[in-house]
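In the numbering used here, the protein residues as written are 527 to 1038.
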Amino acid sequence: MNALIVAPILIPLITAIVCMFAWTNLAWQRIASIIGAFALLASAIGLLVIVRTEGIQSAQMGNWIAPFGITMVADLFSAIMVLLAAIVAVSVAIYGYFSIDEARERFGYHPLYQVLLMGVCGAFLTGDIFNLYVWFEVMLMASFVLLALGGERAQVEGAIKYVTLNLISSALFLAAIGLLYGLAGTLNMADLGRKLAEVEDFRQETIIALLFMISFGIKSAAFPLFFWLPASYHSPPAAVSAVFAGLLTKVGVYALIRVFTLIFVHEIAFTHTLILIVAGLTMVTGVLGAAAQYEFRRILSFHIVSQIGYMLMGLGLFTEMALTGSVFYIMHHIIVKANLFLVSGVVRRIRGTYDLKMLGGLYRDSPLLSILFLIPALSLAGVPPLSGFFSKFLLIRGGLEAESYGIVAVALAVSLLTVFSMMKIWNEAFWKKPPEEEHAGQKSTHHMADLSPTDRRGVYGMLIPIVMLGSLTILIGVLAEPMLHLAQDTVRQLLDPHGPGNYVETVLGPKS
């Protein structure tokens, strides 16, 4: 059991070391990266099966009993997040095999990618609030270098904005940890949940909760400090953008849900109402930013911001139905958003640009790619029977049951604007004629048939993970009922962390 808990951290670490030893042999690095991603996926599946069948699992590093040592915990929520990270890891590893240029590979793309995955999985599995900070820093270091790798002007500019805001977030996070330790005398999250339940004066705890909310809000790109994301996520290669879009902001959302269901649950009327307000503003600002853009990945980047609002909506409402919607939404969104960025990279490979005004005719030139775009795009907009419909339905139903009609209205309006911006991409990139045909009446020279045999093989290889993720999007919609049951069981664990066999008791044992 303990081996399964630490495997999602050890596997990327070992893979990164192997890639470092194969520094001069790029072929070995590529193969090692893909094998490591599949090994991570196998361990993640095994971990979820164990947690699903036998309950929450915990491990104490070095045999130091909790809360004195380093605790690793796998409940349904963290196991699901690790599995989703592994699915993205496999998809991007295959995609990167065909798309990442040798220059970036020679400067450490593959080991950095594995270190990033290690940080993501560590953040999901840690049971210690300080080690959560450590894993955030591991992610930040790897992601910053990946973002700047290549040294292009737009990349460096985006990387500076990215790292500046995230360093501010880390400073606030560390300050909040210090204050929390001074208040409770522990950093073990289960122990914090137990000790803070006995605190009579919640004012200091509420101030600390606000610091965590700001810190994790920056990392998850919530309103108002979200502007670093659309300023940076469009600048690196599509493979890097996809893993960032799929995973990095979701670690911030995961942290918010974790601490505001386990630790800070004593001033719900204030803290969770504030989260709900932030969720609504995040939805609106993100989708309005997307509607104003005409660059493929900038639109998708602003949509990440908008969709973060939906994930926070369930936490703000803080009911079982709404939180189930948030968990379902995260499962759907990680797959869909990573897939859309991968599609954008194929468009760039075929046509040489992300600018929608310079695109057109892809439906005629590449009907398969067009269908593969429509599947995640319509799912993101919430069109049935795709995965996005069911997650939004749960959130809307949760909002109606809680009589929070304002956030329901915002969520519905934002969904309509999401349809508008997705259809703008469809019309500009896929449906309309290319600009040269419109204005000069000449046939476009940027077609699949015009690519070299090597480039065509690269495009077909890049389509493999896109087909995989598109199939998963359809599958989640088709298997909505078992996915719903999984999300419900996850939320019941989150809302009752002190219950028999749940988070706190698994880590610390029964209360004496």
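All C-beta atoms in this analysis are idealised placements derived from N, C-alpha and C, irrespective of residue type, glycine included.
Measure the alpha-carbon distance for residue i versus residue j and round it to whole angstroms.
i: R679; j: P756; result: 16 angstroms
i: L643; j: T597; result: 19 angstroms
i: A592; j: L718; result: 12 angstroms
i: I606; j: G840; result: 17 angstroms
i: T1016; j: F603; result: 6 angstroms
i: G677; j: F844; result: 44 angstroms
i: G987; j: F624; result: 6 angstroms
i: A529; j: A600; result: 12 angstroms
i: S913; j: L906; result: 8 angstroms
i: Y931; j: V575; result: 38 angstroms
i: S854; j: R632; result: The amino acid occupying residue 854 in the given sequence is Phe; Ser does not appear at that position. Answer to the nearest angstrom: the Cα atoms are 39 angstroms apart.
i: Y638; j: P538; result: Checking the sequence shown, residue 638 turns out to be Leu, not Tyr. Distance between the alpha carbons of L638 and P538: 10 angstroms.
i: M847; j: M546; result: 46 angstroms
i: S978; j: A615; result: 28 angstroms
i: F594; j: Q640; result: 29 angstroms
i: A928; j: V869; result: 38 angstroms
The beta strand (DSSP E) spanning residue i covers which residue range?
i: A600; result: T597 to A600
I'd like to confirm the pairing. Which residues does DSSP put opposite residue i in its beta bridges?
i: N516; result: Absent from the structure is residue 516, since the part of the chain shown begins at 527 and ends at 1038.
i: E821; result: D881
i: Q586; result: T597
Three-state secondary structure (DSSP) at residue i?
i: D881; result: strand
i: S941; result: helix
i: E731; result: helix
i: I557; result: helix
i: E726; result: coil
i: H859; result: helix
i: W549; result: coil
i: T690; result: helix
i: V643; result: The sequence shown places Leu at residue 643, not Val. In this structure, L643 counts as helix in the three-state DSSP scheme.
i: D627; result: coil
i: C538; result: The question names Cys, but residue 538 is Pro in the sequence shown. Reduced to three states, the DSSP call for P538 is helix.
i: L838; result: helix
i: S746; result: coil
i: S930; result: coil
i: G886; result: coil
i: H1024; result: coil
i: G634; result: coil
i: L705; result: helix
Counting only the same chain and skipping the five closest in sequence on each side, list residues whose C-beta sits under 7 angstroms from that of residue i.
i: L788; result: M715, G719, P1023 and Y1029
i: M949; result: none
i: A701; result: L737
i: G835; result: A805, G806, T808, M809 and G812
How far does the alpha helix (DSSP H) with residue i in it extend, from its first residue to its last?
i: I922; result: S913 to E927
i: E1007; result: A1006 to L1021
i: L782; result: T775 to L788
i: E678; result: Looking at the DSSP string, E678 is not in any alpha helix (DSSP H), and its letter there is neither H nor E.
i: V791; result: Unbroken run through V791: none, as it is neither H nor E.
i: T1032; result: Y1029 to L1034
i: I591; result: First-last for I591: undefined, no H or E at that position.
i: F899; result: P893 to A907
i: P761; result: A quick correction: the sequence has Ser, not Pro, at residue 761. Run containing S761: none; DSSP gives neither H nor E here.
Here's a check: name, in chain order, each residue in its chain whose Cβ is nearer than 6 angstroms to the Cβ of residue i, leaving out the five neighbours to either side.
i: L995; result: S617, I861 and N865
i: G806; result: I933 and V936
i: V544; result: A558
i: I540; result: none
i: S695; result: S741, I744 and K745
i: G684; result: A757, S758 and S761
i: W957; result: Y889
i: G886; result: K958, K959 and P960
i: K918; result: G908
i: S997; result: none
In chain order, what residues of the same chain lie with their CB nearer than 8 angstroms to the CB of residue i, ignoring the 5 residues before and after it?
i: A548; result: W554, Q555 and A558
i: L926; result: V934
i: K883; result: Y820, E954 and P961
At a Cβ threshold of 7 angstroms, is residue i touching chain B?
i: T797; result: Considering every chain present, this structure includes no chain B. It has just one protein chain.
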